[in-house]
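Q:
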Amino acid sequence: MDERVLIQGNEAVARGAIHAGCRFFAGYPITPSSEIMHCMARTLPEVGGVFFQAEDEIAALAACVGASWAGFKSMTATSGPGFSLMQEEIGYAVMTETPVVIVDVGRAGPSTGQATKPAQGDYLQARFGSHGDYELVVLSAWSVEEAYRETVRAFNIAEELRCPVVLLLDEAVGHLREDAALVPLPVTERRKGPLGGRYFGPTPEGVAPMPPFGSGARLHVTGSTHDPTGRRMTQDPRVQGELVAWLSEKVLGRREELFRYEAWDVDDAELVLVSWGISARAARAAQLQLRQQGYPVGLFRPITLWPLAPAVLTEVLGDREVLVVEMNRGQLAHELSAMLGPERIRTLTVTDGRVISPGRVAEAALAALEGRG
Amino acid sequence: MDVREIVIAGVGGQGTVFAARILAHAALIAGHHVAQSASYGAEARGTPAWAGVVISSNPIVFPYPQHCDAVLALAAPGYRLWEDRLAPGAVVLAEEALGLPGIGVPAARLAQELGAPQAANLVLLGALLGYTGWLARDVAAEAVAALSPERFRAGNLAALEAGWRYGRSIA
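If you read the sequences in order, they're chains V and Z.
Residue numbers for the first sequence, in our numbering: 119 to 491.
Residue numbers for the second sequence, in our numbering: 1031 to 1201.
So, in structure tokens, the structure goes:
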């Protein structure tokens, strides 16, 4: 057995980031994410990295974008109120094709809400929060060990696609301490060359290389519409159309390989619970208990929250009834309704700042099974 | 050990989370799977707070206590959140001065006598382990030594030991 350590979810994120090669962190402290910042502040100087406490979350993410262009893998961490402030810079990172990892440890909102209580209310903001048409990648974790693993994956995806990647946790996972094996994982390095003149948009090899500032490439980094060297092209409809399509398609074109999930007992299920993050642990406990009692209930747990892969969802879920369990007013359910049709989607939603309990999930699952008629 | 669900309840500032971290660390040293959770307010002190520890020989699915096998009560407000979620035969060890149901432990007085007034939490934790034998005394002491800041280490170890002896004496 791998050596297991007792570690907090937020600390595991920091460990994952350091393992993935993160050498720049900028942030503004906010409960329940601050432990990530504390760990990065302690650790980065020991590994030759830079820690920066910014004046606010907008500046924090802006600094991460700048550091990424200086050649540093970069991360920030925040919670709902700070995540809202970061939306402008998320769009800038999308437009400038900048790899950066943003960790949002969800707390009960809206606004300052309940700072120490968990929620999953930032799901739609994570994928839709900035303006304009774009796609990015949103990952989740239901355990401390997975928080470590998905942090490493977030960095890898950010490098492969040159886009911001959001790791969406919740207070419960962020503050949970549990035994975990933090094993070495493969790490994707920055592709810094060749210096061929195309640094934005598609190249024959796919995503363009990203030479760091000072390495000799002539380019311009701008949030305005631009050509492959970064030259502003703010009147040209063709460039605008192609760039917007590229920024989305480089993500959506890989939706199936990006879509990581787990499924249990779905094949012979008449009802499938769909749940993510800490809610999925309540759902799993309920599903195990219901199966023991002979009820045909399965569980599907998306780990990648965006992009979802409709083909995979259709293949795994078939035409089964679905009960979406989440700590918001039905945000993942909203997406699943659009993809699978609203008729078969039921929801169990909790927004009282408490972790949903296995008992409530089991109750809702039994009601759904009975309601099928 | 199959599964044990333990809650340490009090108000913010009493070290409920610290005691839970020590219990969780001891469980890890003993080779168990463990999950430690907590709930507290945005205020640093004074509002209801609790910390939960789930210990199991198998990987833990739901990491929060649901039906407590033990509650350690340092203050009534935290205890009230859990009094109706006790498993049959649950052990409740409460600071004696609170007059709560369960077994009274003079945790504050013992900690005071040791010159470690901050360590009533560890007196109660020691009492639980002395009373139930769920984890060995030396494993708990190792966890206390590992997690205590230097200036509190000796006092915390003494508090754990005093609690353990008290727990044994009433077992």
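C-beta: ideal position from N, C-alpha, C; glycine also.
Model, not experiment: these values are computed from the prediction.
Under a Cβ-count criterion, where at least 16 other Cβ atoms within 10 Å of its own Cβ denotes burial, should residue 243/V be classed as buried or exposed?
A: Result: buried.
Q: Thinking just about the alpha-carbon of each residue, which of 1059/Z, 1048/Z, 1145/Z is nearest to the one in residue 1166/Z?
A: Among 1059/Z, 1048/Z, 1145/Z, the Cα nearest to that of residue 1166/Z is on 1059/Z.
Q: Near residue 1118/Z, what residues of its chain come up, given a Cβ to Cβ distance below 7 Å and the 5 sequence neighbours on each side ignored?
A: Excluding sequence neighbours, residue 1118/Z sits near nothing in its chain.
Q: When Cβ atoms are compared, which residues of the stretch 470–484 of chain V fall closer than 8 Å to chain Z?
A: Listed by position along the chain: 473, 475, 476, 477.
Q: With a Cβ-Cβ cutoff of 8 Å, do residue 1057/Z and residue 1064/Z count as a contact?
A: Yes, Cβ-Cβ distance for residue 1057/Z and residue 1064/Z is below 8 Å.
Q: Since residue 407/V is in the alpha helix (DSSP H), which residue starts that stretch and which ends it?
A: Unbroken alpha helix (DSSP H) run through residue 407/V: 395–410.
Q: For residue 468/V, I'd like the list of residues in its chain whose CB is within less than 6 Å of its CB, leaving aside the five on either flank, ordered along the chain.
A: Result list for residue 468/V: 445, 474, in chain order.
Q: Residue 387/V CB to nearest chain Z CB: under 8 Å?
A: Closer than 8 Å: no.
Q: Does DSSP put residue 229/V in a helix, a strand or coil?
A: Looking at residue 229/V - three-state DSSP - the assignment turns out to be coil, as it is neither helix nor strand.
Q: To the nearest whole angstrom, what separates the beta carbons of residue 1121/Z and residue 1161/Z, a pair I think is in contact under 8 Å?
A: At roughly 7 Å, the Cβ-Cβ gap stays under 8 Å, so residue 1121/Z and residue 1161/Z are in contact.
Q: Need the endpoints of the beta strand (DSSP E) that residue 1063/Z sits in, please.
A: Run containing residue 1063/Z: 1063–1069, per the beta strand (DSSP E) assignment.
Q: For the candidate residues 471/V, 470/V, 410/V, 463/V, whose alpha-carbon lies nearest to that of residue 486/V?
A: Considering only alpha carbons, the answer is 463/V.
Q: Could you give the residue range of the beta strand (DSSP E) that holds residue 379/V?
A: Looking at the DSSP string, the run of the beta strand (DSSP E) that includes residue 379/V is 379–382.
Q: Going by Cα to Cα distance, which pick from 191/V, 195/V, 173/V, 248/V is closest to residue 210/V?
A: With distances taken between Cα atoms, residue 210/V lies closest to 248/V.
Q: Indicate whether at least one CB of chain Z lies closer than 8 Å to the CB of residue 234/V.
A: Yes, residue 234/V counts as interfacial toward chain Z.
Q: Would you report the Cα separation of residue 391/V and residue 1154/Z, rounded to the nearest angstrom?
A: Spanning the two alpha carbons is a distance of roughly 40 Å.
Q: Rounded to whole angstroms, what is the Cα-Cα separation between residue 334/V and residue 313/V?
A: Taking the straight line from one Cα to the other gives about 8 Å.
Q: Anything in chain V within Cβ reach of residue 1090/Z, meaning under 8 Å, just list it in chain order.
A: Result: 296.
Q: Per the contact definition of three or more C-beta pairs closer than 8 Å, is the stretch 390–409 of chain V in contact with the stretch 352–371 of chain V?
A: They do not touch, by the three-pair rule.
Q: Mind checking if residue 1034/Z is an interface residue toward chain V, Cβ cutoff 8 Å exclusive?
A: Taking Cβ atoms only, chain V never reaches closer than 8 Å to residue 1034/Z, which makes this a no.
Q: By a C-beta neighbour count over all protein chains shown, 10 Å radius and 16 as the cutoff for buried, is residue 307/V buried or exposed?
A: The residue in question, residue 307/V, is exposed, as its Cβ has fewer than 16 Cβ neighbours within 10 Å.
Q: Determine contact between the stretch 1039–1046 of chain Z and the stretch 1092–1112 of chain Z, defined as no fewer than three beta-carbon pairs at a distance below 8 Å.
A: The stretch 1039–1046 of chain Z vs the stretch 1092–1112 of chain Z: in contact.
Q: Going residue by residue through the stretch 297–370 of chain V, where are the continuous alpha helix (DSSP H) segments of at least 4 residues, counting only ones entirely within it?
A: Whole alpha helix (DSSP H) segments, 4+ residues: 355–370.
Q: Under 8 Å between beta-carbons, which chain Z residues line up against residue 399/V? List them in chain order, please.
A: Correct list: 1091, 1092, 1093.
Q: Under 8 Å between beta-carbons, which chain Z residues line up against residue 293/V? List them in chain order, please.
A: What residue 293/V touches in chain Z: 1067, 1068.
Q: Count the other CB atoms, across all protein chains shown, that sit within 10 Å of the CB of residue 368/V; report buried if there are 16 or more and exposed otherwise.
A: So residue 368/V ends up on the buried side.
Q: Starting from residue 213/V, trace the alpha helix (DSSP H) both ways and give me its first and last residue.
A: 198–213 is the span of the alpha helix (DSSP H), which, as asked, contains residue 213/V.
Q: Looking at the unbroken alpha helix (DSSP H) that takes in residue 1202/Z, where does it start and where does it end?
A: Residue 1202/Z is absent from the structure shown; chain Z starts at 1031 and stops at 1201.
Q: Under a CB-based cut-off of 8 Å, is residue 403/V close to chain Z?
A: Yes, residue 403/V counts as interfacial toward chain Z.
Q: Straight-line CA distance for residue 189/V to residue 310/V?
A: Approximately 8 Å between the Cα atoms of the pair.
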